[in-house]
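Scroll down for the structure; my scribbles are underneath it.
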Amino acid sequence: MTLNQWRQQGKFFQYKGFNIFYLDEGEGELLVLIHGFPTASWDWHKLWPELIKRYRVVCLDMIGFGFSDKPRDYDYSIFDQADLHQALLASLGINRFHLLAHDYGDTVAQELLARFQDWQAGKIADENGYVIQSLCLLNGGLFPETHRPLLLQKLLLSPIGKLISYLSNEGSVRKKLNAILAPDKQMSDGQWQDFWTLIRHNRGLEISHKLIRYMLERKINRERWVGALINSAVPVRLINGSLDPISGAHMVTRYCELVPENARDIVPLGQVGHYPQVEDPKAVLTAYLEFSRALTGG
11 MTLNQWRQQG KFFQYKGFNI FYLDEGEGEL LVLIHGFPTA SWDWHKLWPE LIKRYRVVCL
71 DMIGFGFSDK PRDYDYSIFD QADLHQALLA SLGINRFHLL AHDYGDTVAQ ELLARFQDWQ
131 AGKIADENGY VIQSLCLLNG GLFPETHRPL LLQKLLLSPI GKLISYLSNE GSVRKKLNAI
191 LAPDKQMSDG QWQDFWTLIR HNRGLEISHK LIRYMLERKI NRERWVGALI NSAVPVRLIN
251 GSLDPISGAH MVTRYCELVP ENARDIVPLG QVGHYPQVED PKAVLTAYLE FSRALTGG
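The numbering of the sequence shown is this note's numbering, which starts it at 11 and goes up by one.
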């Protein structure tokens with residue numbers, strides 16, 4: 011599948027007056043995919059053909075990402091991205107689903123999990139409730155104390171972040187992205203051009219300093235989002251690229267320290283970096299389908 015075909019298969023819906031790109035294909039139980047920063051739902055395209063054979067799969071480009079609108083004057087936040095997912099699912103009549111998330115999307119998934127727990131505890135009105143049937147996480151900053159951001163990310167979050175957004179170019183962004191992939195799994199020129207097209211679509215680079223604020227949100231809301239994982243009654247699997255310098259093997263060590271032993275389900279991918287679904291989609295698909303079969307006893 012090409013990026014152009016991906017776009018043609020997608021649709022748009024309105025969220026707060028903005029156009030949001032999404033895909034909805036397949037049949038069966040509902041699986042929601044949540045992408046990371048700074049890319050888009052295209053991150054999942056290598057898994058897509060096999061997943062839609064087994065599930066009804068929904069994914070979107072979050073506001074500020076990919077083919078969705080990227081407003082300049084907008085308060086980007088994890089909470090709003092969770093609202094966005096709820097809005098799409100409600101519009102599709104969906105209230106039960108599995109989650110598969112990566113990077114920034116992990117944090118959105120943690121907030122959705124926290125809301126599910128709030129609903130179970132009676133803190134949220136029934137009309138706003140939904141059921142998360144399972145959660146699978148790829149590399150991401152689950153714990154702010156183990157997150158090791160790139161220099162570019164730190165600069166975007168600094169007082170000169172807006173300037174850095176405008177000064178960033180294709181060469182600098184590609185160099186930073188390749189630095190978090192496994193050495194033998196660097197992107198080809200063609201792969202990179204697809205990612206670059208999505209990043210710069212609708213002048214997306216110019217809002218990078220706004221999107222990166224999620225790193226501060228993780229610290230402020232650590233108790234809520236880490237607590238949601240620690241206290242989860244929902245089955246959770248972690249698939250982790252060990253070579254990731256941002257959230258690789260060192261993050262798994264912290265996961266083992268905090269998550270109760272009887273709740274740990276970890277699949278390390280020893281020769282993979284930050285983007286497992288791009289670097290080794292076959293291994294990710296195998297690990298996810300094993301997790302799914304274990305849930306159903308199939």
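A virtual CB, placed ideally from N, CA and C, is assigned to each residue, including glycine.
May I ask you to report which of helix, strand or coil DSSP gives residue i?
i	result
F47	coil
D34	strand
P278	strand
L208	helix
M225	helix
L253	coil
P81	coil
F153	coil
R312	Outside the modelled stretch of the chain, which goes from 11 to 308, sits residue 312, for which no answer is possible.
I240	helix
I230	helix
Q196	coil
I62	helix
K292	helix
R158	coil
Y298	helix
K26	coil
K133	coil
L13	helix
Would residue i be called buried (16 or more neighbouring beta carbons within 10 Å of its own) or exposed?
i	result
A131	exposed
P59	exposed
D204	buried
G20	buried
A100	exposed
P169	exposed
T296	exposed
T12	exposed
G46	buried
P286	buried
V7	Because residue 7 is not part of the residues shown, which for the chain are 11 to 308, the question remains open.
Provide the residue(s) that pair with residue i in DSSP beta bridges, ordered along the chain.
i	result
K21	Y32
S218	Looking at the DSSP assignment, S218 forms no beta bridge with any residue, so it has no partner.
R247	C146
L41	V67 and H108
V262	Answer is none; V262 lacks a bridge partner.
V141	R106
For the beta strand (DSSP E) containing residue i, name the first residue and the last one.
i	result
F107	R106 to A111
V269	Per DSSP, V269 belongs to no beta strand (DSSP E) and is neither H nor E.
At which residues does the alpha helix (DSSP H) containing residue i begin and terminate?
i	result
T117	Y114 to Q130
D90	I88 to S101
Y176	G171 to L177
G181	E180 to N188
L57	Here L57 belongs to no alpha helix (DSSP H), and DSSP marks it neither H nor E.
Quick one: measure Cβ to Cβ for residue i and residue j, integer angstroms, because I've assumed they're closer than 8 Å.
i	j	result
L98	M72	The Cβ separation is near 10 Å, so there is no contact.
Q182	H219	For the sequence presented, residue 182 should be read as Ser rather than Gln. Wrong, their Cβ atoms sit about 14 Å apart, outside the cutoff.
Q127	N241	7 Å
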